[in-house]
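Add 10 to the 1-based position in the sequence shown for this note's numbering, that's all there is to it.
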Amino acid sequence: MPETYDFIVVGGGSAGCVLAARLSEDPDARVLLLEAGGRDWNPLYAMPAGFAKMTKGIGSWGYHTVPQKHLGDRVLRFTQAKVMGGGSSVNAQIYTRGHPLDYDEWRQMGCDGWSYADVLPYFRKSEHNDTFDNEFHGQGGPLGVSQPSAPLPICEAYFKAAGELGIPHNKDLTSDKPDGVGYYQLTQRLARRSSTSKAFIDPVRYRQNLTVREKVQVAKLLIEGGRVKGVVLKGGETIRAKAEVVLTSGAFGSPKLLMLSGIGPADHLREVGVDVLQDQPEIGSNLQDHLDLFTICECTGDHTYDKYAEPYWSLLAGIEYFFNKTGPVASSLFETGGFWYADPDARSPDIQFHLGLGSGIEAGVEKMTNPGVTLNSAYLRPRSRGTIRLASSNPGDAPLIDPNYWEDPHDRDMSIKGLKLAQEIMAQPALKEFVMRPVLPSADMKSDQEYFDFAVANAKTDHHPAGTVRMGAEDSAPLDIRLRLRGIEGLRVADASVMPRLVSSNTNAPTIMIAEKCADMIKEDNGLST
Numbered sequence: 011m012p013e014t015y016d017f018i019v020v021g022g023g024s025a026g027c028v029l030a031a032r033l034s035e036d037p038d039a040r041v042l043l044l045e046a047g048g049r050d051w052n053p054l055y056a057m058p059a060g061f062a063k064m065t066k067g068i069g070s071w072g073y074h075t076v077p078q079k080h081l082g083d084r085v086l087r088f089t090q091a092k093v094m095g096g097g098s099s100v101n102a103q104i105y106t107r108g109h110p111l112d113y114d115e116w117r118q119m120g121c122d123g124w125s126y127a128d129v130l131p132y133f134r135k136s137e138h139n140d141t142f143d144n145e146f147h148g149q150g151g152p153l154g155v156s157q158p159s160a161p162l163p164i165c166e167a168y169f170k171a172a173g174e175l176g177i178p179h180n181k182d183l184t185s186d187k188p189d190g191v192g193y194y195q196l197t198q199r200l201a202r203r204s205s206t207s208k209a210f211i212d213p214v215r216y217r218q219n220l221t222v223r224e225k226v227q228v229a230k231l232l233i234e235g236g237r238v239k240g241v242v243l244k245g246g247e248t249i250r251a252k253a254e255v256v257l258t259s260g261a262f263g264s265p266k267l268l269m270l271s272g273i274g275p276a277d278h279l280r281e282v283g284v285d286v287l288q289d290q291p292e293i294g295s296n297l298q299d300h301l302d303l304f305t306i307c308e309c310t311g312d313h314t315y316d317k318y319a320e321p322y323w324s325l326l327a328g329i330e331y332f333f334n335k336t337g338p339v340a341s342s343l344f345e346t347g348g349f350w351y352a353d354p355d356a357r358s359p360d361i362q363f364h365l366g367l368g369s370g371i372e373a374g375v376e377k378m379t380n381p382g383v384t385l386n387s388a389y390l391r392p393r394s395r396g397t398i399r400l401a402s403s404n405p406g407d408a409p410l411i412d413p414n415y416w417e418d419p420h421d422r423d424m425s426i427k428g429l430k431l432a433q434e435i436m437a438q439p440a441l442k443e444f445v446m447r448p449v450l451p452s453a454d455m456k457s458d459q460e461y462f463d464f465a466v467a468n469a470k471t472d473h474h475p476a477g478t479v480r481m482g483a484e485d486s487a488p489l490d491i492r493l494r495l496r497g498i499e500g501l502r503v504a505d506a507s508v509m510p511r512l513v514s515s516n517t518n519a520p521t522i523m524i525a526e527k528c529a530d531m532i533k534e535d536n537g538l539s540t
């Protein structure tokens, strides 16, 4: 007989680890967490600076977009985590939540119970903040949230340079007013990455009612009589669920699994040879992401961490971190940034900055010969919408990822304005001691066409995909506002795919919040202790 659990959580990422840990708080609930990747054993996962290796392939599915027709048919690399902890194990550990108006807009779109006032308690519930304990931040939660432990003097100069343009310094970019520049808080505890795997699962891994299985891929959902009954693994093993199956496989993985199970756009499913169980036209649609542009400058000296890419310096940095938990290895490399305006009439900041303490940190970005510094800029509220589709009926095939970047010219115009603002910041007098000259884009680039060509050649994803199995009050939305899939009983989705609109920041903290809130809804609906 197939093994049976009360709850099966599919995907051990930022959301799945939270959900499995919270559901198994009730000792009478048998919970199974399934993850296609392996354990986060590699020491690089724990080291904050290990992020530089993550975008280059460690713990990743190795995905790429389809050719982007509004970016000269470029194919962009897309690092999607394949490891316990998911994105929280491979990201730059930046803890931002978005603007309060993001969530108030969700409520205005019909998602009652998802306003800023509604979700703030769930952000606070997760946190163990090393600096703040107030109406916006909590202490005592599983997730370490910390101030940077290894900032450099160039960061303070960046704040002053932004101030010379009228952009204020903000001591808490995660408050209800994130406008300005400052240090990001990071998902770290004692100078180690605080992934959801480390924070939520490792402390409870040996609960008798919690089973965690790695390196197992779900091929499809087992659905009988309009109700999900369990999952079928790649290889044929069946596992049954008495109460619910919850998909937490991310904005790519969750719609992919639904479509492999026959739930999605009927015409598309037929094209790839999947039997249609339920026509859900919006599944895999509404894909949104933040596209990133950057400026790289050559420094006047060793003001960033570039030299630590060399073996000798890398060894010294490793020794310092091993004994003291300080130095370059304790840096997430993108722990400084902020939020400001490309459109001065925008309802809240529409550009996000990430100051990279080096060059060539991320895959596909040029590494300088001499020390360099990078300032990334991303337009936060794109109007373009893309899709996730199946390449075939084979669960082992990567999905077809089409963010459809810059389909709306407004996104292109705002992105380039953000890039120009980043250039202005790096050219201010406060940074003259640290910055010798701009390299990318070059100082002589002036025309709109030149900016467009540079952007097309160099744009990259910020790895913030969302919206592909959105929630909503209207019947056309795949999920209701309690994250239940319409038309199939016992099935929910709880990850970034449920966002009706992408938040104005990094997405890891909002995804954790979604899982926290979903756990409470599941407990309420199934009579579990909270």
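Ideal Cβ positions, reconstructed from N, Cα and C, are used throughout, including at glycine.
Computed from a predicted model, the values in this text were never measured in an experiment.
Asked	Found
Neighbour-count burial assignment, P53, 16 or more Cβ in a 10 Å radius	exposed
Among E460, A469, H420 and N414, nearest to P77 - alpha-carbon criterion	N414
M481 in three-state terms, based on DSSP	strand
Beta-carbon gap between Y193 and E345 smaller than 8 Å	yes
Alpha carbon of D146 to alpha carbon of P321, nearest angstrom	Here residue 146 is Phe; the residue named in the question, Asp, does not match the sequence. Rounded to the nearest angstrom, the two C-alpha atoms are 42 Å apart.
Presumed contact (8 Å Cβ cut-off) between G477 and L297, rounded CB distance	6 Å
Minimum length 3: unbroken beta strand (DSSP E) runs contained in the region 447-527	501-503
Segment limits, alpha helix (DSSP H) that includes D114	P110 to Q118
Exposure label - E443; buried when at least 16 CB within 10 Å	exposed
Sequence ranges, alpha helix (DSSP H) only - wholly within the region 389-459, length at least 4	419-436
Within 8 Å, strictly: CB atoms of L390 and S514	yes
Residue(s) in a DSSP beta bridge with T346	Y193 and L365
Short Cβ contact (8 Å threshold) for P196 with Y105	Reading the sequence as shown, one finds Leu at residue 196 and not Pro. Closer than 8 Å, so yes.
Where S34 falls: helix, strand or coil (DSSP)	coil
Test: L301 CB closer than 8 Å to a CB of chain E	As a matter of chain content, chain E is missing from the structure shown, which is built from one protein chain.
For M446 and T310, believed in contact at Cβ under 8 Å, the rounded distance	5 Å
Boundaries of the beta strand (DSSP E) in which R134 is found, first to last residue	Premise fails: R134 lies in the alpha helix (DSSP H), Y126 to S136, not in any beta strand (DSSP E).
Beta-carbon proximity of G366 to L343, cut-off 8 Å	yes
Start-to-end residues for the alpha helix (DSSP H) that takes in C121	Taken as a continuous stretch (DSSP letters only), C121 belongs to no alpha helix (DSSP H), as it is neither H nor E.
Reduced DSSP category for R49 - H, G, I as helix; E, B as strand; rest coil	coil
For S264, the three-state DSSP class (helix, strand or coil)	helix
Through-space distance from Q290 to P381, alpha-carbon basis	51 Å
Collapsed DSSP secondary structure at R280 in the structure displayed	helix
Three-way DSSP call (helix, strand, coil) for E224 in this model	strand
Per-residue DSSP class, three states only, for E330	helix
CA-to-CA distance, Y216 to E417, given in whole angstroms	48 Å
Rounded separation between R494 and R502 - CA only	4 Å
Residue(s) in a DSSP beta bridge with R84	Q78
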